[in-house]
């Protein structure tokens, strides 16, 4: 493992208290989970009221990028203010012999930090590309790039990946020892997010082939 | 539509400013989205720092239930304090002719409110059952119910569904009119969360059949 991959993003605030054995703080664990997640949930507070809004993120190295319209309330609320970005990948339903020990298999990441606006044109362009490429690899070369007006009316925020934690649960249910004698079926129902057949819109010229590889380029498919 | 289903959960704080045509505030829109989502993202603030943690929720009527260990930091932080519960169902990737108009089809719900601890034994038992049944319908009759110790060490919180909004995007990309002349493929890649073959754990007795209907009882499958 490289030094970068082993770098710890642990802090007191990101340290797991419940089931600490499920926690990880190294970039090698945290980055792939952020990359696989197609969306994140962004938390911020306004006048003491927490809000959680789904949005798209993209990671470039140890920076996470968020974007939206310049007038966007959410982006305004998190600019230069503490926020939290959380992603969760649901991998399976865990059915135990007791109601109590039912669980889910998942991989989640919580990032704490303060986001700031990207004003450098090259960094902003790279962030745009990362966001498009995250959804479909190769897509930025298969559509019209952002023009000046679009770039100007879109705000990009950078959140350093400096303070974060991952939490991962895998494997079968863990029942209380006496419960293993019970006759119930117990195990895992795996869950996967899968892409269906691409549906061209009504104004795509007839005969235009879908230009991407569904199995390897779309969303998180390439990570499986 | 019943009076209950048409009841508005709109408030100034839950009113969508961006793309207001995608917003809805009626229980008939909001409840099924909450029911289909297998997990939610719970937002709260501690010392001005927002946190967003994934957890399981279950709806009973116009109440949302959350649960966890009595010692759980997150539950302690939201008890009698403002919180936000957000669920997001990702339905598709929207590929436009311009990078700018790429989007996602999704259904999300944001609930604002203050959660309080459930102390009534019958309500707590009903919340437990709703949480188990939400994951696999019929499961609460196919496992050992919670015993007194488990009930005592688990905290259940009730969040009234009184202030909420839904945001829904469906359909093809919407490109700028001149861009429709471009040769790019544009359309939607549908996404679905699908269950795989159930994997019995090593200590399930050989020959024990999976006791649920994968197509209709598991997770959100019954909503599709």
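Chains as they are written, first to last, in the working numbering: chain A, 1 to 224; chain B, 1 to 224. The C-beta atom is built at its ideal place from N, Cα and C for all residues, glycine as well.
Consult DSSP for residue 104(B) and reduce its assignment to one of helix, strand or coil.
-> The answer is strand: DSSP assigns residue 104(B) an E or B state.
Using DSSP bridges, identify the partner residues of residue 43(A).
-> Within the DSSP bridge table, the entry for residue 43(A) names 52(A) and 84(A) as partners.
With a 10 Å radius around its C-beta and 16 neighbouring C-beta atoms as the bar for buried, classify residue 68(A) as buried or exposed.
-> Buried, because 16 or more other Cβ atoms sit within 10 Å of the Cβ of residue 68(A).
Can you give the beta carbon distance from residue 114(A) to residue 81(A), rounded, assuming they're within the 8 Å contact cut?
-> Residue 114(A) to residue 81(A), Cβ: 7 Å. Contact.
In terms of alpha-carbon separation, which member of 65(A), 22(A), 209(A) and 219(A) lies closest to residue 125(A)?
-> Nearest C-alpha to residue 125(A) among 65(A), 22(A), 209(A) and 219(A): 65(A).
Counting Cβ pairs, one atom from each stretch, are 3 or more of them under 8 Å apart for the segment 186 to 195 of chain B and the segment 182 to 193 of chain A?
-> Below 8 Å, enough C-beta pairs join the segment 186 to 195 of chain B and the segment 182 to 193 of chain A to call them touching: three or more.
Chain-ordered neighbours of residue 72(A) on chain B, where CB pairs are closer than 9 Å | Within 9 Å Cβ-Cβ: 17 and 18.
Could you tell me the distance, in whole angstroms, from the CA atom of residue 1(B) to the CA atom of residue 162(A)?
-> Annotation note: pLDDT 49 at residue 1(B) (below 50); position unreliable, no value reported.
C-beta neighbour in chain B for residue 98(A), strict 7 Å | Yes, contact with chain B.
Classify residue 25(B) as helix, strand or coil using the three-state DSSP reduction.
-> Residue 25(B) falls in the coil class under three-state DSSP.
If you draw a straight line from the alpha carbon of residue 32(B) to that of residue 7(A), how long is it in whole angstroms?
-> For residue 32(B) and residue 7(A), the distance between alpha carbons rounds to 42 Å.
Close-in-space but distant-in-sequence residues of the same chain around residue 10(A) (CB under 6 Å, 5 per side omitted) = Only 25 meet the Cβ criterion.
For residue 234(B), I'd like the list of residues in its chain whose CB is within less than 8 Å of its CB, leaving aside the five on either flank, ordered along the chain.
-> Because residue 234(B) is not part of the residues shown, which for chain B are 1 to 224, the question remains open.
DSSP state of residue 118(A) mapped onto helix, strand, coil | Assigned with DSSP and collapsed to three states, residue 118(A) falls in coil, not helix or strand.
Closest Cβ-Cβ distance between residue 41(B) and chain A: below 7 Å?
-> Residue 41(B) belongs to the set of residues whose beta carbon lies under 7 Å from a beta carbon in chain A.
Return no unless some Cβ of chain B is closer than 7 Å to the Cβ of residue 182(A).
-> Chain B, which has a Cβ nearer than 7 Å to the Cβ of residue 182(A), makes this yes.
To the nearest whole angstrom, what separates the beta carbons of residue 175(B) and residue 97(B), a pair I think is in contact under 8 Å?
-> About 5 Å separates the two Cβ atoms, so the contact holds.
Closest Cα partner of residue 34(A) within the set 167(A), 94(A), 186(A) and 182(A) | Restricting attention to 167(A), 94(A), 186(A) and 182(A), the CA atom closest to the CA of residue 34(A) is found in 167(A).
Could you check where the beta strand (DSSP E) with residue 168(B) kicks off and where it finishes?
-> Residue 168(B) -> beta strand (DSSP E) spans 163 to 169.
Taking the Cβ atom as the reference point for each residue, do residue 131(B) and residue 28(B) lie within a distance shorter than 7 Å?
-> Contact: no.
Is the distance from the Cβ of residue 186(A) to the Cβ of residue 178(A) below 7 Å?
-> Contact: no.
Starting from the Cα of residue 76(B), find the closest Cα among 133(B), 183(B), 165(B) and 155(B) and give me that residue.
-> Per the Cα distances, 155(B).
Interface flag, residue 25(B) vs chain A, CB-CB below 7 Å = It does not; no Cβ of chain A falls within 7 Å.
Tell me, to the nearest whole angstrom, how far the beta carbon of residue 157(A) is from that of residue 216(A); I am working on the premise that it is less than 8 Å.
-> Not confirmed; about 30 Å, so no contact.
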